[in-house]
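Q: So that you can map any letter, position 121 of the sequence shown is 125 in my numbering, and since no number is skipped, the others follow by simple counting. Every residue, glycine too, gets a C-beta built ideally from N, C-alpha and C. A quick note: this is a predicted structure, and the numbers were derived from the prediction, not measured.
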Amino acid sequence: MTLLAKHLQFIQNGTISILDSAINHSLYCPINLSTTNIELNNYNIQNPTQCQLYITSILRKNNAEVAYGGYLEKRNIYGDKLSFTSGERPRNIHLGMDFWTVAGTKVIVPLDGWIHSFQNNKTKGDYGPTIVLKHEFSDFTFHTLYGHLSLKSLENIHVGMPLKKGNILGAIGTTDINVNYAPHLHFQIIKDMEGNLGDYPGVCTFDSLAYYSKNCPDPNLILGIGG
Numbered sequence: 005m006t007l008l009a010k011h012l013q014f015i016q017n018g019t020i021s022i023l024d025s026a027i028n029h030s031l032y033c034p035i036n037l038s039t040t041n042i043e044l045n046n047y048n049i050q051n052p053t054q055c056q057l058y059i060t061s062i063l064r065k066n067n068a069e070v071a072y073g074g075y076l077e078k079r080n081i082y083g084d085k086l087s088f089t090s091g092e093r094p095r096n097i098h099l100g101m102d103f104w105t106v107a108g109t110k111v112i113v114p115l116d117g118w119i120h121s122f123q124n125n126k127t128k129g130d131y132g133p134t135i136v137l138k139h140e141f142s143d144f145t146f147h148t149l150y151g152h153l154s155l156k157s158l159e160n161i162h163v164g165m166p167l168k169k170g171n172i173l174g175a176i177g178t179t180d181i182n183v184n185y186a187p188h189l190h191f192q193i194i195k196d197m198e199g200n201l202g203d204y205p206g207v208c209t210f211d212s213l214a215y216y217s218k219n220c221p222d223p224n225l226i227l228g229i230g231g
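1. Do you know whose CA, among N125, V106 and I119, lies nearest H188's CA?
2. For the alpha helix (DSSP H) holding Y58, just list the boundary residues, first then last.
3. Which residues in the same chain have their Cβ closer than 7 Å to the Cβ of S217, if we skip the five residues on either side of it in sequence?
4. Following a CB-centred definition, is R93 positioned closer than 7 Å to any heavy atom of the ligand SAH?
5. Please classify R79: is it buried, with 16 or more other beta-carbons within 10 angstroms of its beta-carbon, or exposed?
6. G74: which of L37, N96, R93 and Y82 sits nearest, CA to CA?
7. On a Cα-Cα basis, can you pick out the residue from A175, V163 and Q123 that is closest to S154?
8. May I have the straight-line CA-CA distance separating Q192 from I161, to the nearest angstrom?
9. Could you spell out the range, first to last residue, of the beta strand (DSSP E) harbouring K169?
10. Determine the contact status of P52 and T148, defining contact as a CB-CB distance below 8 Å.
11. How big is the Cα-Cα spacing for L8 and P221?
12. Run the CB neighbour count on L225, radius 10 Å, all protein chains shown included, and call it buried at 16 or more, exposed below.
13. Do three or more CB pairs link the segment 30–44 to the segment 54–70 at distances below 8 Å?
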């Protein structure tokens, strides 16, 4: 376990809400979008409408409102997106945690921090509207990234703007705004932003996994969902 991961464990104090607190955590259920899930053979998971059909089936099966998961999942969902497949090796290992639910759902700040950067990443398969926060705890700092937000989420904010745990950060965007995905929030922890502003890789190749898994530890270390 990395030093950052150990620090993050000390932050957690029970389950931390990242979506509208009116949605009880008993209404969350896990979802598997990895290449090992044979149920996905019945869906064109790269198509947002087909993907949503599968997500809806999981939510109904579990009487849930939010389906979550995806950290370090190897996925086929990126196979039709040039920015993920144009290199020598495909980027298909997911570095964040996804929360699949209806567009417009409020996104809540999980920890005190301030706005590091933000932008609308418009390339197909990217994040769409994205906000990155910076957090500081005694002797260490890290960042959290929120992707696939609504356009309105980027209004009336500025770099350095302080935010408190529980504040509304924004809302989940629609498929046309989040660049061709079913509505969801992508949440990722990042130690070193490497000079990036309003963006950071959310998917990596197998060859780069060792580095990225250290720089982007499991988001559930601070959220404590399902544990």
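A: Per the coordinate set shown:
1. Each of N125, V106 and I119 was checked against the Cα of H188, and the nearest Cα belongs to V106.
2. Segment P52 to K65, the alpha helix (DSSP H) holding Y58.
3. If we look at S217 and ignore the five residues flanking it on each side, its Cβ neighbours are L76.
4. In the structure shown, the ligand SAH is absent, as is every other ligand, since no ligand is present at all.
5. The Cβ neighbour count for R79, taken over all protein chains shown within 10 Å, is at least 16; the residue is labelled buried.
6. Out of L37, N96, R93 and Y82, the CA that lies nearest to the CA of G74 is found in L37.
7. In terms of CA proximity to S154, A175 leads the group A175, V163 and Q123.
8. Cα to Cα, the separation comes out at about 20 Å.
9. Per DSSP, K169 belongs to no beta strand (DSSP E) and is neither H nor E.
10. No, they are not a contact pair.
11. Each residue's Cα considered, the two are about 8 Å apart.
12. Buried, by the Cβ-count rule.
13. With a cut-off of 8 Å on Cβ pairs, the segment 30–44 is in contact with the segment 54–70, counting three or more such pairs.
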